[in-house]
Amino acid sequence: DQQVKQNSPSLSVQEGRISILNCDYTNSMFDYFLWYKKYPAEGPTFLISISSIKDKNEDGRFTVFLNKSAKHLSLHIVPSQPGDSAVYFCAATDSGGGNQFYFGTGTSLTVIP
Amino acid sequence: ETGVTQSPTHLIKTRGQQVTLRCSSQSGHNTVSWYQQALGQGPQFIFQYYREEENGRGNFPPRFSGLQFPNYSSELNVNALELDDSALYLCASSLSVLASGRSDTQYFGPGTRLTVL
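Going down the list, the sequences are from chains S and Z. Each step along the first sequence adds one to the number in the numbering used here, with nothing skipped, and position 55 is 57. Each step along the second sequence adds one to the number in the numbering used here, with nothing skipped, and position 16 is 30.
Take a look at the structure:
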């Protein structure tokens, strides 16, 4: 039962353009969402997070948007750089329901120079 | 560089054996979570330890067990290994500031690649 879904296994974007990575979730109790970036042979690295009381959070080139009614979040990277090429995971948790973080299956982003 | 280290980096075991994986948390972090990541999948939550007590568990059988030590290092033990246990095992440390033990952002180590033959 996959409660967090990333339906695009891969994405290719030209350097300088916008990368949009999408994530859907099914559990309406989730109230905290995170994006992680993972390079080969390394553990996931925290990128950005958003609480359900917000619909947008921005950190430099990275912006996460949350649409609670659609149970959808997205990560925007502008402008995309070759160093952004990695696998991106979204994760979600229910603050009041234990300490389990649920991860999606990841989207492999390739930024073409 | 998250400050979270794991050992060993790679391990090969045979079915039925037991394995212990180790994690050293980031300095000052009192919470550690363990995840299993199978090929092509996202990390799956195994369990979490907060101040040396188990504080949440995912859908994994009892042969997956753990320990957290006073210095916040931790172990994941898996008994009676099965072929499907082959995966990347990740630990993640965090600082929980709430009495409930709920963690905020988790910082991952590089993982241990376990292969069961």
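The beta carbon of each residue, even a glycine, is placed where N, CA and C say it ideally should be. Remember, it's a predicted structure, so these values are computed and weren't measured experimentally.
- Task: Run the CB neighbour count on Z:Ala113, radius 10 Å, all protein chains shown included, and call it buried at 16 or more, exposed below.
- Result: Summary for Z:Ala113: the model assigns pLDDT 46, below 50, so the residue's position carries little reliability; its value from the coordinates is reported in the next sentence. Looking at its Cβ environment, which holds fewer than 16 other Cβ atoms inside 10 Å, Z:Ala113 is exposed.
- Let me know the beta strand (DSSP E) ranges lying completely inside the stretch 49-100 of chain Z, each 3 residues or longer, listed in chain order. 58-64, 67-71, 78-82 and 88-92
- Using a C-beta cutoff of 9 Å, does Z:Asn47 count as contacting chain S? First, the amino acid is wrong: residue 47 of chain Z is Ser here, not Asn. Chain S contact via Cβ: present.
- Query: Shorter than 9 Å from the beta carbon of S:Ser51 to some beta carbon of chain Z?
  - Reply: yes
- Starting from the Cα of Z:Ile60, find the closest Cα among Z:Ser38, Z:Leu131, Z:Pro84 and Z:Glu89 and give me that residue. Z:Glu89
- Query: Exposed or buried, S:Pro46, counting other C-beta atoms within 10 Å across all chains shown (16 or more means buried)?
  - Reply: buried
- Task: Have a look at S:Thr107, S:Ala93, S:Asn24 and S:Tyr27 and flag the residue whose alpha-carbon is nearest the alpha-carbon of Z:Ala52.
- Result: S:Thr107
- Message: Please report the distance separating the alpha-carbon of S:Tyr34 from that of S:Asn69.
- Response: 12 Å
- Query: Among all the DSSP beta bridges, which residues are the ones paired with S:Lys40?
  - Reply: S:Val89
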